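Peer 1:
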Amino acid sequence: MKTLTLTTLTTLALLALLAGIASAEEAKQHPKEEAARLMERARDAKAAGRPDEARELAQQAERIQAELREREGAKKPGPHPDKHLPPHAKGPEAERLRHIMQALEHLHAAGLHEPARHVEEIARNMRRELEERMKHEHAATQKPKEKHPQAPKDHAELEEMRQQMRRMAEQIEQLRAELHKKAP
Numbered sequence: 008m009k010t011l012t013l014t015t016l017t018t019l020a021l022l023a024l025l026a027g028i029a030s031a032e033e034a035k036q037h038p039k040e041e042a043a044r045l046m047e048r049a050r051d052a053k054a055a056g057r058p059d060e061a062r063e064l065a066q067q068a069e070r071i072q073a074e075l076r077e078r079e080g081a082k083k084p085g086p087h088p089d090k091h092l093p094p095h096a097k098g099p100e101a102e103r104l105r106h107i108m109q110a111l112e113h114l115h116a117a118g119l120h121e122p123a124r125h126v127e128e129i130a131r132n133m134r135r136e137l138e139e140r141m142k143h144e145h146a147a148t149q150k151p152k153e154k155h156p157q158a159p160k161d162h163a164e165l166e167e168m169r170q171q172m173r174r175m176a177e178q179i180e181q182l183r184a185e186l187h188k189k190a191p
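For any residue, its number in the numbering used here is found by taking its place in the sequence shown, counting from 1, and adding 7.
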């Protein structure tokens, strides 16, 4: 067996460095693909019993995805203009909707675009209903206190929204269960 000379070692180190630079350039040009590759490597590392490496790779992928979201947000309002709630949205329904929107991002990042589209449609309906409720609440605070003839209807709509949110929470749990089944 031949021993490696200093020149050979230097050449190998230079090639490794260049490969790293090429990989970094590729990551800049194709951040979504790079994030997906990192997540795949993280799953492989986790399956191979290397949790620290898996965690680090997943964090790198999350950083790339966050940068991508930040850049896309600066360029345009985004493909989902109704993705974010108004800052004054409060209450448990608004909080659930925020969590659902975050879950949608994770579903898309995991490549589960079809279930994400279904959940996204439900989230849009929830948001619409939440905004209507907020408008009604705002209007109620602006008017003098009097019996509101639409109160039973508003109550029924609120109850329907709660039921939709429960169904959506169940669907999210089902999606999580499917993800855990598919995850190595």
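Every residue, glycine too, gets a C-beta built ideally from N, C-alpha and C. None of these values were measured; they are calculated from a predicted model.
Give the DSSP-derived three-state secondary structure of residue 57 in the structure shown.
Peer 2: Note: residue 57 maps to coil in three-state DSSP.
Peer 1: Kindly indicate which three-state DSSP category residue 66 falls into: helix, strand or coil?
Peer 2: In the structure shown, residue 66 sits in a helix (DSSP, three-state: H, G or I).
Peer 1: Mapping DSSP to helix, strand and coil, what is residue 157?
Peer 2: Three-state DSSP puts residue 157 in coil, outside helix and strand.
Peer 1: Do three or more CB pairs link the segment 106-119 to the segment 142-151 at distances below 8 Å?
Peer 2: With a cut-off of 8 Å, the segment 142-151 and the segment 106-119 do not count as touching, because too few Cβ pairs lie within range.
Peer 1: Is DSSP giving residue 37 helix, strand or coil here?
Peer 2: Correct three-state label for residue 37: coil.
Peer 1: Could you tell me if residue 128 is buried or exposed, where buried requires 16 or more neighbouring beta carbons within 10 angstroms of its beta carbon?
Peer 2: Exposed, by the Cβ-count rule.
Peer 1: Measure the alpha-carbon distance for residue 75 versus residue 174 and round it to whole angstroms.
Peer 2: Approximately 31 Å, taken between the alpha carbons.
Peer 1: Enumerate in chain order the residues of its own chain whose CB-to-CB distance from residue 184 is below 7 Å, with the five nearest sequence positions on each side excluded.
Peer 2: There are no such residues.
Peer 1: Which residue comes first and which comes last in the alpha helix (DSSP H) that contains residue 119?
Peer 2: Where residue 119 is concerned, there is no enclosing alpha helix (DSSP H), given that its DSSP letter is neither H nor E.
Peer 1: Using a Cβ-Cβ cutoff of less than 8 Å, which residues in the same chain neighbour residue 64 once the five nearest sequence positions on both sides are dropped?
Peer 2: Same-chain partners within the cutoff: 45, 46, 48, 49, 52.
Peer 1: Which residues in the same chain as residue 60 place their Cβ atom closer than 6 Å to its Cβ, once the five residues preceding and following it in sequence are excluded?
Peer 2: Taken in chain order, the residues that qualify are 52.
Peer 1: For residue 83, does the three-state DSSP call read helix, strand or coil?
Peer 2: The predicted model places residue 83 with a pLDDT of 40, which falls under 50 and marks its position as unreliable, so this point remains unresolved.
Peer 1: Determine contact between the segment 157-165 and the segment 117-126, defined as no fewer than three beta-carbon pairs at a distance below 8 Å.
Peer 2: Judged by Cβ distances under 8 Å, the segment 157-165 makes no contact with the segment 117-126, as fewer than three pairs qualify.
Peer 1: From this set, 41, 54, 42, 40, which residue's C-alpha is nearest residue 2's C-alpha?
Peer 2: A question about residue 2 goes unanswered here, because the residues of the chain that appear run from 8 up to 191.
Peer 1: With 16 as the cutoff for other CB atoms within 10 Å, does residue 70 come out buried or exposed?
Peer 2: By the 10 Å Cβ count, residue 70 comes out exposed.
Peer 1: For residue 168, which option in 140, 106, 57 has the closest C-alpha, if you only look at C-alpha atoms?
Peer 2: The shortest Cα separation from residue 168 among 140, 106, 57 belongs to 140.
Peer 1: Cα-Cα, which of 125, 171, 108, 68 is closest to residue 42?
Peer 2: If we check each option's Cα against that of residue 42, 68 comes out closest.
Peer 1: Does any CB atom of chain C fall closer than 8 Å to the CB of residue 39?
Peer 2: Of the protein chains in this structure there is only one, and it is not chain C.
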